[in-house]
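Just so you know, the sequences run in chain order W and X. Residue 225 is where the first sequence starts when you use the working numbering, and the numbers rise one by one after that. Residue 225 is where the second sequence starts when you use the working numbering, and the numbers rise one by one after that. Right, one structure below, let's go through it.
Protein chains: 2
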Amino acid sequence: MIRAAALAFRERGYHNTSLDDIAAELGVTKPTLYYYVRSKQDLLFECFTAGLAGIFAALDEARLSAASGCERLRIVLRGYALAITSEFGWCMVRAEDQDLDAALGARIRARKAEIDQQIRALIREGIVDGSIRDCDAKLTAFAIAGALNWIAHWHRQAEELGPGEIADRFIGFFEEGLRPR
Amino acid sequence: MIRAAALAFRERGYHNTSLDDIAAELGVTKPTLYYYVRSKQDLLFECFTAGLAGIFAALDEARLSAASGCERLRIVLRGYALAITSEFGWCMVRAEDQDLDAALGARIRARKAEIDQQIRALIREGIVDGSIRDCDAKLTAFAIAGALNWIAHWHRQAEELGPGEIADRFIGFFEEGLRPR
Numbered sequence: 225m226i227r228a229a230a231l232a233f234r235e236r237g238y239h240n241t242s243l244d245d246i247a248a249e250l251g252v253t254k255p256t257l258y259y260y261v262r263s264k265q266d267l268l269f270e271c272f273t274a275g276l277a278g279i280f281a282a283l284d285e286a287r288l289s290a291a292s293g294c295e296r297l298r299i300v301l302r303g304y305a306l307a308i309t310s311e312f313g314w315c316m317v318r319a320e321d322q323d324l325d326a327a328l329g330a331r332i333r334a335r336k337a338e339i340d341q342q343i344r345a346l347i348r349e350g351i352v353d354g355s356i357r358d359c360d361a362k363l364t365a366f367a368i369a370g371a372l373n374w375i376a377h378w379h380r381q382a383e384e385l386g387p388g389e390i391a392d393r394f395i396g397f398f399e400e401g402l403r404p405r
Numbered sequence: 225m226i227r228a229a230a231l232a233f234r235e236r237g238y239h240n241t242s243l244d245d246i247a248a249e250l251g252v253t254k255p256t257l258y259y260y261v262r263s264k265q266d267l268l269f270e271c272f273t274a275g276l277a278g279i280f281a282a283l284d285e286a287r288l289s290a291a292s293g294c295e296r297l298r299i300v301l302r303g304y305a306l307a308i309t310s311e312f313g314w315c316m317v318r319a320e321d322q323d324l325d326a327a328l329g330a331r332i333r334a335r336k337a338e339i340d341q342q343i344r345a346l347i348r349e350g351i352v353d354g355s356i357r358d359c360d361a362k363l364t365a366f367a368i369a370g371a372l373n374w375i376a377h378w379h380r381q382a383e384e385l386g387p388g389e390i391a392d393r394f395i396g397f398f399e400e401g402l403r404p405r
């Protein structure tokens, strides 16, 4: 259900998709949908959360790793790039813009801020252990997140490059930028 | 008028801003606005175009320069970053998402595609003259544009770093990433 909603939101936009559309696509009744979610907003939030799961899994993996800051950052960037190229990428990047109620908007911003803070922390750790050159961790995290989030604007399923290859090329570009001099 | 509209759209969102609001802010009547623009859509397009002017000026400057591909790319990236940190940044990045009519949407996409193609061409020229390392020009242009466009999502006028400083730091990051090995 969450996957069907994510595809519909990406395809037609959030405001142009109704719960009726999603129910029809799944071949179920609207009351069946309401058994699982209270509203279209909730469904968007579930799509957002499903996409973020890959990023949080990568952050956990990085936290448990004993590798350098640069290598742990690579784990996270790979998880991030794969999440954005997934069917949930649109919802992850665009959910916040959809005129959600204040409480839901705040929850989305809080989860995004958490990811941002953890990426900044990894950059700072890499600077300390010498695997990342001295740089402004905040602006660098913004540059990286911007480049990755923007994938959701241009990436199409028909894209010739697979998600793994896009992830690798972006990571290669960032690592050149962050390599100690 | 265009500047007032750009500020209002960024502040309250395009759909939550009416021509009445903009007229009231300028202390003019709505018929006065209609003397200059036919619709709110037109006004958004004017804001978009005003923001892009800085990028096209930089592209012209780069075209007339005899410097290396890398140095000409720097001229364009600086113009791009300054445009995005201007009051028109929001309209430049977000105009396309505002359910415009098909013709206006197509014009916006065409101008964006033109900028994308010119940035790719500069990257390819830099690869040929040896000032930029061998890379996928299309993905690199997307990564750079993504990082720069994203500035419109996080940048606030109260930001401690000025537009010029943000531009310089982003350019420094990209140039490290593109430096020949």
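Ideal Cβ positions, reconstructed from N, Cα and C, are used throughout, including at glycine. Owing to the predicted nature of the structure, the values given are computational and were not obtained by experimental measurement.
Can you tell me which of the options puts its alpha carbon nearest to the alpha carbon of residue i?
i                 : options                                : result
Ala307 of chain X : X:Cys271, X:Arg333, X:Arg296, X:Gln342 : X:Cys271
Thr364 of chain W : W:Asp353, W:Ala345, W:Arg380, W:Gly354 : W:Ala345
Trp436 of chain W : X:Tyr259, X:Phe366, X:Pro255, X:Arg335 : No answer is possible for residue 436 of chain W: the residues shown for chain W start at 225 and end at 405.
Asp358 of chain X : X:Arg403, X:Ser289, X:Ala337           : X:Arg403
Phe269 of chain W : W:Lys362, W:Ile368, W:Asp323, W:Ile356 : W:Asp323
Ala274 of chain X : X:Tyr304, X:Ala286, X:Asp340           : X:Tyr304
Gly237 of chain W : W:Glu383, W:Glu320, W:Asp353, W:Glu338 : W:Glu320
Lys362 of chain X : X:Glu311, X:Lys264, X:Gln341           : X:Gln341
Leu267 of chain W : W:Ala281, W:Cys315, W:Glu249, W:Ala330 : W:Cys315
Arg380 of chain W : W:Ala281, W:Ile351, W:Val352, W:Gly313 : W:Gly313
Ala281 of chain W : W:Ile332, W:Asp353, W:Arg302           : W:Arg302
Ala277 of chain X : X:Ile368, X:Lys336, X:Ile375           : X:Lys336
Ile368 of chain W : W:Phe397, W:Glu383, W:Ile332           : W:Phe397
Asp353 of chain W : W:Ala334, W:Glu399, W:Ser292, W:Ala391 : W:Ser292
Val317 of chain W : W:Arg333, W:Ala376, W:Gly329           : W:Ala376
Tyr260 of chain W : W:Gly386, W:Ala330, W:Ala229           : W:Ala229
His239 of chain W : W:Arg333, W:Lys264, W:Glu249           : W:Lys264
Ile279 of chain X : X:Leu328, X:Ile343, X:Ile390           : X:Ile343
Classify residue i: buried if its beta carbon has 16 or more other beta carbons within 10 angstroms, exposed otherwise.
i                 : result
Arg227 of chain W : exposed
Tyr258 of chain X : exposed
Asn373 of chain W : buried
Gly251 of chain W : exposed
Val419 of chain X : Because chain X spans 225 through 405 in this model, residue 419 of chain X falls outside it and cannot be assessed.
Thr309 of chain X : buried
Ala326 of chain W : exposed
Arg287 of chain X : exposed
Ala290 of chain W : exposed
Lys254 of chain W : exposed
Arg262 of chain X : exposed
Gly350 of chain W : buried
Ala330 of chain W : exposed
Ala334 of chain W : exposed
Residue i and residue j look like a contact to me (Cβ under 8 Å); what is the Cβ gap, rounded to whole Å?
i                 : j                 : result
Thr241 of chain X : Ala232 of chain X : 5 Å
Gly370 of chain W : Gly401 of chain X : The pair is not a contact, with the Cβ atoms about 14 Å apart (cut-off 8 Å).
Ile356 of chain W : Ile347 of chain W : 6 Å
Arg298 of chain W : Ile395 of chain W : 6 Å
Arg234 of chain W : Glu285 of chain W : Wrong, their Cβ atoms sit about 27 Å apart, outside the cutoff.
Asp245 of chain W : Arg393 of chain X : Asp245 of chain W to Arg393 of chain X, Cβ: 44 Å. No contact.
Need the endpoints of the alpha helix (DSSP H) that residue i sits in, please.
i                 : result
Glu238 of chain W : A small correction: the amino acid at residue 238 of chain W is Tyr; Glu does not occupy that position in the sequence shown. Looking at the DSSP string, Tyr238 of chain W is not in any alpha helix (DSSP H), and its letter there is neither H nor E.
Gln265 of chain X : 264-288
Gln322 of chain W : Looking at the DSSP string, Gln322 of chain W is not in any alpha helix (DSSP H), and its letter there is neither H nor E.
Phe394 of chain X : 387-402
Ile351 of chain X : 326-353
Val300 of chain X : 293-308
Phe366 of chain W : 361-373
Val317 of chain W : 313-318
Thr256 of chain X : 254-260
Notebook entry, point to check: At a Cβ cut of 9 Å, what residues of the region 358-374 of chain W count as close to chain X, listed as they run along the chain?
Noted result: Cys359, Asp360, Leu363, Thr364, Phe366, Ala367, Ile368, Ala369, Gly370, Ala371, Leu372, Asn373, Trp374
Next item on the list: Please list the residues of the region 387-404 of chain X that have a C-beta atom closer than 9 Å to any C-beta atom in chain W, keeping them in chain order.
Entry: Ile390, Arg393, Phe394, Gly396, Phe397, Phe398, Glu399, Glu400, Gly401, Leu402, Arg403
Note to self: Along the region 297-315 of chain W, where does the CB come closer than 9 Å to a CB of chain X? Name the residues.
What the structure shows: none
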